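One structure is given below, encoded as structure tokens.
Number of protein chains: 2
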Amino acid sequence: MLDATSSYNLMTDTSPVDNRSRRTPVDDRTGHRIVPDTTRRAARIPGNRYGNRPTMKDVAARAGVGLKTVSRVVNGEPGVTPETEHRVQEAIDALGFRRNDSARVLRKGRTASIGLVLEDLADPFYGPLSRAVEEVARAHGALLINGSSAEDPEREQELVLALCARRVDGLVVIPAGDDHRYLEPELKAGVATVFVDRPAGQIDADVVVSDNFGGARDGVAHLIAHGHRRIGFIGDMPRIHTAAERLRGYRAAMEDAGTAVQDSWMSLGVTDPERVRQAAEKMLADPQPVTAIFTGNNRVTVTVIRVLAEHPTDVALVGFDDIELADLLRPGVTVVAQDAAALGRTAAERLFRQLDGTLLAPERIELPTRLVTRGSGELPPAH
Amino acid sequence: MLDATSSYNLMTDTSPVDNRSRRTPVDDRTGHRIVPDTTRRAARIPGNRYGNRPTMKDVAARAGVGLKTVSRVVNGEPGVTPETEHRVQEAIDALGFRRNDSARVLRKGRTASIGLVLEDLADPFYGPLSRAVEEVARAHGALLINGSSAEDPEREQELVLALCARRVDGLVVIPAGDDHRYLEPELKAGVATVFVDRPAGQIDADVVVSDNFGGARDGVAHLIAHGHRRIGFIGDMPRIHTAAERLRGYRAAMEDAGTAVQDSWMSLGVTDPERVRQAAEKMLADPQPVTAIFTGNNRVTVTVIRVLAEHPTDVALVGFDDIELADLLRPGVTVVAQDAAALGRTAAERLFRQLDGTLLAPERIELPTRLVTRGSGELPPAH
DNA sequence: CCTGCATCTGACAACGTTGTCCAGGCTCTA
DNA sequence: TAGAGCCTGGACAACGTTGTCAGATGCAGG
Chain A
94 MLDATSSYNL MTDTSPVDNR SRRTPVDDRT GHRIVPDTTR RAARIPGNRY GNRPTMKDVA
154 ARAGVGLKTV SRVVNGEPGV TPETEHRVQE AIDALGFRRN DSARVLRKGR TASIGLVLED
214 LADPFYGPLS RAVEEVARAH GALLINGSSA EDPEREQELV LALCARRVDG LVVIPAGDDH
274 RYLEPELKAG VATVFVDRPA GQIDADVVVS DNFGGARDGV AHLIAHGHRR IGFIGDMPRI
334 HTAAERLRGY RAAMEDAGTA VQDSWMSLGV TDPERVRQAA EKMLADPQPV TAIFTGNNRV
394 TVTVIRVLAE HPTDVALVGF DDIELADLLR PGVTVVAQDA AALGRTAAER LFRQLDGTLL
454 APERIELPTR LVTRGSGELP PAH
Chain B
94 MLDATSSYNL MTDTSPVDNR SRRTPVDDRT GHRIVPDTTR RAARIPGNRY GNRPTMKDVA
154 ARAGVGLKTV SRVVNGEPGV TPETEHRVQE AIDALGFRRN DSARVLRKGR TASIGLVLED
214 LADPFYGPLS RAVEEVARAH GALLINGSSA EDPEREQELV LALCARRVDG LVVIPAGDDH
274 RYLEPELKAG VATVFVDRPA GQIDADVVVS DNFGGARDGV AHLIAHGHRR IGFIGDMPRI
334 HTAAERLRGY RAAMEDAGTA VQDSWMSLGV TDPERVRQAA EKMLADPQPV TAIFTGNNRV
394 TVTVIRVLAE HPTDVALVGF DDIELADLLR PGVTVVAQDA AALGRTAAER LFRQLDGTLL
454 APERIELPTR LVTRGSGELP PAH
């Protein structure tokens, strides 16, 4: 694993609630007085704390003007003669001055940054989502700070609170946990928040989700329409809202078709490839094997494709989430596609509408899914 | 496109150099004095600028202690009696206080955040890279701010400078441009910087790259070893270092084999699917068509796979970058794989070593690539 | 009871920026 | 030439936090 034994470690102590136990008097300073900051990078020239970055004061001194005049020039405010402005600009260029946004933020109260907490940036589903959020943020002049919760509620909370401590203007959260009451003080304090992909737990907030239930129901109904009755379902832990909704859609479709679902057809909560593989193989090895499988997310789908590729008989497959190259496989993979970018974009836009102050009551926005037929979902039952 | 007509727009004016022209006296304030901040979110209770967030002062007042004592409790510093600490904790919980890291940063000089500038977060290659950087950052208690340059040098610079204005402690940059002299003042000021995937231009800095040259050469040599001589190359603009290196590898392998490369075999700088498709089709329609294609990156590979899937004769293919499901296609796609996560991890670790102050001379770290044979690269020449 | 010492606490300045406000110089008019 | 009004520039406080330092308190020993 990663080790962080280095001296650079600014664990941010985000939860003032829990640090009672952390009372470790780590006075790692050397008592020396001559060197006021031992953490300063060795190569730096002594100066102020940011290396030796010039400040507006330095620029002002060099240009022979007042501090505020520099501020005016830097921010393009009116009331500076071209001459003065020119002098200031020269000083800025000569010193390599760059405004310190930390100080600016402290003064202005807005950070022009928003936080995005998602599950795993390495998951191909979240890349486009994140990118979409970023584009909207960029259009509003804001930067994006993001972090992965790794599907761990505790880590999600830790991240969210760290972002709040940074005073991000808003948060886009893909929840890992199901209880977000810890966010109440933040919401009350005016942190704009939008949940995406899954709803918030225990609190009232904006949510942008896909129609997981409807999508799964349609996907399973599609299999049923092609003659399948024994349909397997492999999905994530029902603790996760999307997984639960998709399971509900599966059950609903089966019920609509008048088919009693057998426990052995369902595998819930398995997510690592090896166990997904086992689950799929078990369903297929049953004396009454499933003739089709509905998979609850992209990762499961990929693994099941691998299993089916080795399986002697044709088994139909519909997966939730689109996957790249799905059209090039033989058969092509039929999926219930959701638009990750649209989720992100919608959420971010909603967020900035909150920030504009034109805030309405919390709303739940549901985006439709789309059944993409490519072959695997149209295979007839083998038995 | 996205519009940002809303009132929330804190375009951060990152370049004091260029704002001479932006002198627009936008006094959008209402002259009213009673309401000092009209941008405040409507729903908020009037208070300080962060909604009405309590400050340490408020906590101190409520707990009946001094400001500094609150600070001590929040930071787990020693020298507070359990009684006092308890009173402070109660006040913190009651008020929902959360330390303002902006102020902390201003005081301490370190932001505990690093910036990551990459090309496109939606590209499956960068997801794992970004995630790896994030994990290292997390291990060091730092947050990750990231942005996409969309392969636009100007946008890269804009982003990097915005991050510098935030005083991120360090930068991991996947360069879009080839001139990074604009970073000189920042480097001099002590901003730790590591370039990944492609080297920096015109400045001396740490770089972590894959062995693009060697990987491409081996990939093409692999095709040659399987009997191919007329081998096409489709890659990105040679302006991009990786693309140039891979092209160089292609040429080297061809030269080693004593094969003169014909211009019609190469397509450089096409990147959007439609034009890649045209380029591939043109090579295949030649009177002396290529019998194999080497593709310069994952996106090109995917498009070429589509073209080859429709093509009547078997054409061998080796692609740079691994792609998901490559093993499930028929034939499986042979690729030169680079380890995106390792790139990110290595770069981030190097960055934090810089931040530790144990700084060495700028170094170039090259990670090996791996040829993964799956079938498409082992097809014999059809002609 | 006083001194010395250790422990705990809080006043104060500083971080770098921006908002407010006033001073000084200018132009224009009477 | 004086006065009004405008334009430009700068002094100052404030944002919320942390480092410094000195004061207050408690306790042991003389």
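As you go down the protein sequences, you meet chains A and B in turn.
The opening position of the first sequence corresponds to residue 94 in the numbering used here, with each subsequent residue numbered one higher.
The opening position of the second sequence corresponds to residue 94 in the numbering used here, with each subsequent residue numbered one higher.
Ideal Cβ placement from N, Cα and C applies to all residues, glycine included.
Quick caveat, the model's predicted, so the values are computed rather than measured.
query	result
Determine, using beta-carbon pairs with one atom in the stretch 311-322 of chain B and one in the stretch 337-354 of chain B, whether at least three such pairs fall under 8 Å.	yes
Are the C-beta of I267 of chain B and some C-beta of chain A separated by less than 7 Å?	no
Taking the runs of the beta strand (DSSP E) that are 3 residues or longer, which of them lie wholly in the stretch 236-283 of chain B?	236-241 and 263-266
Would you mind giving the Cβ-Cβ distance between Q447 of chain B and A336 of chain B, rounded to the nearest angstrom? I have them listed as a contact below 8 Å.	Going by Cβ atoms, the distance from Q447 of chain B to A336 of chain B rounds to 28 Å, so no, they are not a contact pair.
In or out: T427 of chain B buried (at least 16 other Cβ within 10 Å) or exposed?	buried
Comparing C-alpha positions only, which one of A:D290, A:E403, A:M376 and A:T451 sits nearest to N487 of chain A?	Outside the shown range of chain A, which is 94 to 476, sits residue 487 of chain A, and nothing can be said about it.
As an exercise, report each continuous beta strand (DSSP E) stretch of at least 3 residues that is fully enclosed by the stretch 307-374 of chain A, in chain order.	324-328 and 359-361
Considering just the uninterrupted stretch of the beta strand (DSSP E) at R463 of chain B, what are its terminal residues?	R463 to V465
List, in chain order, every chain B residue whose beta-carbon is nearer than 8 Å to that of A475 of chain A.	In chain order: nothing, as chain B lies at least about 20 Å away.
Run through chain B and tell me which residues come within less than 8 Å of L254 of chain A, C-beta to C-beta.	R191
Which stretch, first to last residue, makes up the beta strand (DSSP E) that contains T388 of chain B?	A385 to T388
From what residue to what residue does the alpha helix (DSSP H) around R191 of chain A run?	No alpha helix (DSSP H) holds R191 of chain A; DSSP gives it neither H nor E.
Between the stretch 463-470 of chain A and the stretch 417-436 of chain A, can you find at least three pairs of beta-carbon atoms closer than 8 Å?	yes
According to DSSP, simplified to helix, strand and coil, what is G450 of chain B?	coil
Here's the rule: buried if 16 or more other CB atoms are within 10 angstroms of the residue's CB, otherwise exposed. What is Q371 of chain B?	exposed
R224 of chain B CB to nearest chain A CB: under 7 Å?	yes
Please determine, among A:T406, A:P331 and A:E279, the residue with the shortest C-alpha to C-alpha distance to S360 of chain A.	A:P331
What separation, rounded to the nearest whole angstrom, lies between the Cα atoms of A441 of chain A and A232 of chain A?	11 Å
The beta strand (DSSP E) that contains L410 of chain B, what's its start and end?	A409 to F413
Mind checking if R457 of chain A is an interface residue toward chain B, Cβ cutoff 7 Å exclusive?	no
How about the stretch 264-282 of chain B and the stretch 185-200 of chain B: do they share at least three Cβ pairs that are nearer than 8 Å?	no
Where T204 of chain A and N145 of chain A are concerned, what is the direct C-alpha to C-alpha distance, given to the nearest angstrom?	24 Å
Roughly how far, in whole angstroms, is the beta-carbon of V158 of chain A from the beta-carbon of T177 of chain A, given that I think they are within contact range, below 8 Å?	6 Å
Would the stretch 218-238 of chain B and the stretch 239-247 of chain A be scored as touching if the rule is three or more Cβ pairs under 8 Å?	yes
Cβ of R323 of chain B within 7 Å of Cβ of T384 of chain B?	yes
Could you give the DSSP three-state label for E459 of chain A: helix, strand or coil?	strand
Nearest-angstrom Cα distance between R133 of chain A and D262 of chain B?	Unreliable positioning characterises R133 of chain A in this predicted model, as indicated by a pLDDT of 28, which lies under 50. The coordinate reading is nonetheless provided below. When rounded, the distance between both Cα atoms is 11 Å.
If the cut is a Cβ gap below 7 Å, which residues of chain B does N390 of chain A touch?	Per Cβ cutoff of 7 Å: no residues; N390 of chain A is ~14 Å from chain B at best.
Could you work out which residue in A:P473, A:F326, A:Y275 and A:K281 is closest to A293 of chain A when comparing CA atoms only?	A:Y275
How far does the beta strand (DSSP E) with V429 of chain B in it reach, from first residue to last?	T427 to A430
Once you ignore the five residues that flank D272 of chain A on each side, which residues in its own chain have a CB closer than 7 Å to its CB?	G294 and Q295
Take L236 of chain A and list the residues in its own chain whose beta-carbon comes closer than 6 Å to its own, dropping the five residues that flank it on each side.	S206
Tell me whether A285 of chain A sits in a helix, a strand or coil according to DSSP, three-state version.	strand
Residues of chain A with a CB under 7 Å from the CB of S241 of chain B: which are they?	R224 and E227
Mind checking which residues open and close the beta strand (DSSP E) that includes D151 of chain B?	Element bounds for D151 of chain B: not the beta strand (DSSP E) but the alpha helix (DSSP H), M149 to A156.
Skipping 5 residues on each side, what residues in its chain have a beta carbon closer than 6 Å to that of V393 of chain B?	I327 and V369
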